[in-house]
Structure formats: C-alpha cells, structure tokens
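So the structure is just underneath, and the comments pick up after that.
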Ligand SMILES: Nc1ncnc2c1ncn2[C@@H]1O[C@H](COP(=O)(O)OP(=O)(O)O)[C@@H](O)[C@H]1O
Ligand SMILES: [Mg+2]
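Chains as they are written, first to last, in my numbering: chain D, 59 to 464; chain F, 5 to 239.
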C-alpha cells in the first residue's frame, strides 16, 4: 500500500515543482542551520577544551586582586599583591609539585633590522614544569638565573621563525625593550592559551630580570599571578583551603576582611568555560530550531492548500475505494517526502556551510554523525507533525461532499 | 436474490431555510445482469438516488441492501470496501487523474484492493483493450478525446469486476455519435459479460439502449417497466 503512495507523493511534488522547491527551501535552511550551528558549537567547545588541556592538569591559578565571580581575567587589577616569596611559601605546602610566579607584559623584540611586538613572561623555572613545556631546542633557565637576574630567554617557535627565519635561535642575541638577551631554548608549538594569546609567540625570561630590566614600572618582587601544580586530583580540595589560609596569613588579612588574591583551580575554570560554551550551543541550537519550525509551518501551509485544491481528487479516490487511512497516508507521505528531501539537501548545505566557515575563519566546525541524525530525525518528525493536520483534514472529508467540490 | 434492494428509502436535505424531501419512499429491486435506465426531470432526485446506491451518501430513512449486506449498518472502512469491490462508478465529467497515465488510472482501484503492481498493470492493459483503447496505456488523459476518456473511466469502473456499475449521465458531456458509441459499449458489456448496469440519463435515445426503465418524479418512482417502444436508439 505504501509503495504506490510514495510514487503518488513524488508525482504530486513533480507536478508542482516550483511550489515543492519553495516549500523544501524552508526545510533546507532549517536543517542546514541546525547542522552548521551544532558544528560551530562543537568546534568552539573542542578548541576551548584543547586550550584548557594545554595548560596542564591539576593546576591552580592564584591571581592578585579580589576574587571575581566566574570568568577568567588574568593580569587585571592595579598593583599586584602576590610576591615571589608568596610563591616560595606555596611551593613548601605538602602536595605541591611546582609553582610559577609570572609577570606578563608586552615588549618590543629587536634582532638586527627586525622589530617585533610580542608578549614577555617573567617567571621561575617552575613555569616549565607547571605548563608542561617541551623543548624543541636548547633548555630552560634555572634557579641561579633567577637569583642572578641573568639575561637569558626561552622563545616560542613562531617568534623564532619571525626573528630568525629557519635558522636555529640558540645562542643568538635578541633585544627585549633595549636589553640584550641570549636565547637558550625554544619550545615546541603549544597553540593558543585559554585567554586567546598565542603561546608560540612569546619570550620567557627569569622573573627577576623581567622586573629589573624589562618592565621598569613594576614593584620589585611582586607578580600578577602564580600557577601552582598539584600532585594529583585527590589533593586539590585540601590544597585550595591550605593555600587560601596561608596567603591570608602572609597578607595579614583578618577574619571578615576581603581577600586581596583569589585561588582558582582549573576545574572551576573548565566549568566556567564549559557553561559558557554550553550556553552558546543552546543559543545557536535555539536559533536553528526556530528556522526548522518555520520550515515545518511552511510545509503545513502548502499541504493545506494542496488538500483544498485536490478535494475533488480525494472524492474520486474515495469513490473508487480509498479508505480514510489510505487518504491520510497519501498526504502524510507527501509531507514526509517533502521534508526528507528538504532535509537531505539541508544536510549537504549544512556540511558545505561548515566547510566554508572552516576555510574562512579561525573556527573549526565539527559536523558529527549525531547532528546529522538529529537533523534527519527532527525533519521526519516535522513532516509527520505538520503534515498530520492537513492529512487528517483530507481523510475526514465526506466522499459525496468531496466529489461535489468544484 | 436481488443484488440491489431499496425499501422505503427517504432522503431529506435540511438547509437553514427549509427541509427538502428529495426522495419520498423509493422501493426498488435490481437483479444481477440487468441494464436499467433511470430518467426523470431535472431535480427529481436521480443523482441523489445514485449516490445512495453508490454508498457515497446514506438515506435519511429506509433500508438499502447491496449484494446481501445492509449498507446502513456498515462503517466507513467497510463502505470503502464495497465501493472498491462491489461497485463501479462512471461520472458525467469522467473524473480521471490528470497526472496519471491511462493505465495507472484504470489500475487505481486495484491499488486500494492491494493487488500487486505487475498484476495491476496486466489487468489494466487488458481492460483498456476491451474498451477499444489498445496501445494508449502510457498516454495522459488530456491527450485523448472526451469519448475516449469516458471509455477509460468505464475500464476503471470494470477493473475490479464489480457486481454493479453506476453511471450518472455518462454521456452528458458527449456529442450524440460519441454517446451512441459509449452506449453500444455498455450494451455489449451487459450482453457479453453480464455486467449489471444502472445508467441515469434524460435522453430517450440513450435510455433506449437499456432493458428496463425507472422514471422518477418528485422523489417517487412514477414508472418501472420495459423500455417504451417509442424510445429509439440513435445509431
Ligand atoms: N447537498 C444538497 N443539499 C441540499 N439540496 C440538495 C443537495 N443535493 C441535491 N439537492 C437538491 O435535491 C434535489 C434533487 O437533486 P438531484 O438528485 O441532483 O436531482 P437530479 O440529479 O435528478 O437532477 C434538487 O432540488 C437539489 O437542489
Ligand atoms: Mg443529476
């Protein structure tokens, strides 16, 4: 029974090509939008997750300044309240593997005629442990460099490429805000940091050197933030409390007074980022769903017109033996075929659109089988849901009334 | 036993203004193999009677028995089954599916009867040949003349081997020569195949092809008997 009715549905669509095409356009746009939006959402989620993961796990971020609700605002606030001594004290806590007090800033780097604006981080050797930095060439600086405030630098691979082309940077001299530094190491590519900075376009130097010779304005011994790496996930909760107590003690903050620092762990940063991307995905999904519903209403509209136009045909079919459910199926199948064909084209458009976005922007949309299946399922559902009312209307016609219809 | 049996059939149409009594008590028996012409002035209730006979409409009162079952007691689905297998319809306006080939038009009742595709096509071609439309199977209805379209409609009415074929003014849209050809086809089908035929017309030369005449007037049967000798076929 269904077989010949699908033929009828295709024939009806072919008989009204322009109308069918316009009706399907609604579904094409709806499904295409759903797939593209889901792909973009997934792409953003993946890149956020990857950049958080690249910062290393079991990590705390202790930031100068009062805690702020959610979000990540590194390097904000006025005078830094954390000191290198604070960092040393934190390192002595049980369960801490390494700490890295950091003072980031921007600087001009000059090599011969080449002048490059980049970001400079003053830190301690702990940084390389905390951030799990791997070296492509050379090595890290050590404690004696920090103590002696020597002018040595580790640089990122894209900066090396910009300054030296293909040549090895090791042993070369670069001028950072006028001071000459010897390059002793080059990291492997690390990609983007969570705040969007390119971690491959950086200069990493001893924190003491940075404060005395590069960033003249800073208070000597204080840093914007301290990253703390813990042994494992099981000590995170305990350490968080101990770190807060220790720092309140060192900063002489009394009971009831507001902290002048904040301790965030990567889990909470991860959660904040996850809830942001989830909200974005929801928003994108909602926009796309609305266009799907509009497409569905378009189908219902056309099917209602079609039922009215073909009232007489329905009467003839009933006169020669069509049961109500045959008529119901005929029109239901027509709307299902319309929405499925529209959906199929929509999938192609969505996948193509995601490709175009990938080529044209920084985003890396990811089309998943799940989103394609979701698009299909929803389209079939819409075909049934919005096709049912017109089909019911056709099936409930009285044969004699339908035959009389002019 | 009669294939059609009407007892005290009434049909009223109620509009806002009034109630119209269109059929006022019809008693009628038609045996298998009969060829009946129904005549009567315009508005006398011929189409109303045909719609009741065709299970497209239900009487206000009275009993209609078709091929042994009491139509008033059947549900929608059973009525559809009767229309599909026991009845065949020929309309004044042909009522073919414009987008379907002649073959598919003729085969359509078999689709609803659940006959397989190859079987349907074979039977539709045979039936088209029987009404003189050999070789037109793949044509569309708008490619052939009115007379030919009515032959297709007759083929469609006959394909399910119905007990009764109902034709409401089947020649109403045709010229007199073509009308005579259609009636000759009906007469042959009745004589050779034993098809039971009920044809509504208001022309004597059309009714002349039948074997029995039922005259309606004001919702009642005024005459029921053999075709009067003064009715002449238009050959
Ligand atoms: N659906 C209807 N509603 C109201 N009146 C109707 C309806 N159908 C037919 N009639 C009336 O019933 C009468 C008989 O109609 P009909 O059976 O079509 O006559 P005939 O076919 O003999 O010309 C006419 O007066 C017509 O106006
Ligand atoms: Mg009439």
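All C-beta atoms in this analysis are idealised placements derived from N, C-alpha and C, irrespective of residue type, glycine included.
Everything numeric in this text was worked out from a predicted model, so none of it was measured.
- For the options 211(F), 21(F), 64(F), 116(F), the alpha carbon positioned closest to that of residue 86(F) is the one of 116(F).
- For the set 93(F), 111(F), 5(F), 20(F), the Cα lying nearest the Cα of residue 72(F) is the one of 5(F).
- A distance below 7 Å between beta-carbons, with the five flanking residues on each side excluded, links residue 183(F) to the following residues of its chain, in chain order: 175, 210.
- Assigned with DSSP and collapsed to three states, residue 228(D) falls in coil, not helix or strand.
- Under the three-pair Cβ rule at 8 Å, the stretch 88-99 of chain F does not count as touching the stretch 388-395 of chain D.
- When beta bridges are read from the DSSP output, residue 16(F) appears opposite 25(F).
- Counting only the Cα atoms, residue 450(D) lies some 20 Å from residue 62(D).
- Per DSSP, reduced to three states, the secondary structure at residue 386(D) is helical.
- In this structure the stretch 169-176 of chain D does not touch the stretch 294-303 of chain D; the number of beta carbon pairs closer than 8 Å is below three.
- Cβ contact annotation for residue 31(F) (same chain, cutoff 8 Å, sequence separation greater than five): 10, 11, 12, 13, 225, in chain order.
- Three or more Cβ pairs drawn from the stretch 397-411 of chain D and the stretch 74-90 of chain D lie within less than 8 Å of each other, which places the two stretches in contact.
- Taking 8 Å as the upper bound on Cβ-Cβ separation, chain F lies near residues 370, 371, 374, 375 of the stretch 354-375 of chain D.
- Ranked by Cα distance from residue 53(F), the first of 195(F), 231(F), 170(F), 208(F) is 170(F).
- Ligand 1 approaches residue 49(F) closely enough that one of its heavy atoms is under 7 Å from the residue's Cβ.
- Put simply, the CB of residue 75(D) is far from chain F, with every gap to its CB atoms at 8 Å or more.
- Under the three-state reduction of DSSP output, residue 432(D) falls in the helix class.
- At a cut-off of 7 Å, the beta-carbon of residue 172(F) counts as near ligand 2: some heavy atom of the ligand is closer than that.
- According to DSSP, residue 230(F) shares a beta bridge with 216(F).
- Going by DSSP, residue 329(D) is part of the alpha helix (DSSP H) stretching over 324-367.
- Under the 8 Å criterion on CB atoms, residue 84(F) is classed as interfacial with respect to chain D.
- In this structure, residue 17(F) has its beta carbon less than 7 Å from a heavy atom of ligand 1.
- Residue environment for residue 249(D): exposed (fewer than 16 other C-beta atoms within 10 angstroms of its C-beta).
- For residue 48(F), not one C-beta of chain D is nearer than 8 Å to its own C-beta.
- Excluding five sequence positions before and after residue 64(D), the CB atoms of its chain that fall closer than 8 Å to its own CB belong to 391, 395, given in chain order.
- Counting only residues of its own chain and dropping the five nearest sequence neighbours on each side, residue 255(D) has a CB closer than 7 Å to the CB of 177.
- DSSP, reduced to helix, strand and coil, places residue 291(D) within a helical segment of the structure shown.
- At least one beta carbon of chain D lies nearer than 8 Å to the beta carbon of residue 103(F).
- When 305(D), 436(D), 118(D), 123(D) are compared, the shortest CA-CA separation from residue 153(D) is found for 118(D).
- The beta-bridge partner set that DSSP reports for residue 73(F) consists of 70(F).
- When rounded, the separation of the alpha-carbon atoms in residue 168(D) and residue 239(D) is 10 Å.
- Among the CB atoms of chain F, none fall inside 8 Å of the CB of residue 448(D).
- Contact between the stretch 263-272 of chain D and the stretch 205-213 of chain D is present: 3 or more CB-CB pairs across the two stretches fall below 8 Å.
- With 16 or more other Cβ atoms from the protein chains shown falling within 10 Å of its own Cβ, residue 377(D) counts as buried.
- A straight line joining the alpha-carbon of residue 197(F) with that of residue 76(D) spans about 47 Å.
- For residue 190(F), the enclosing alpha helix (DSSP H) covers residues 180-197.
- Straight-line spacing of the CA atoms in residue 415(D) and residue 446(D) works out to 37 Å.
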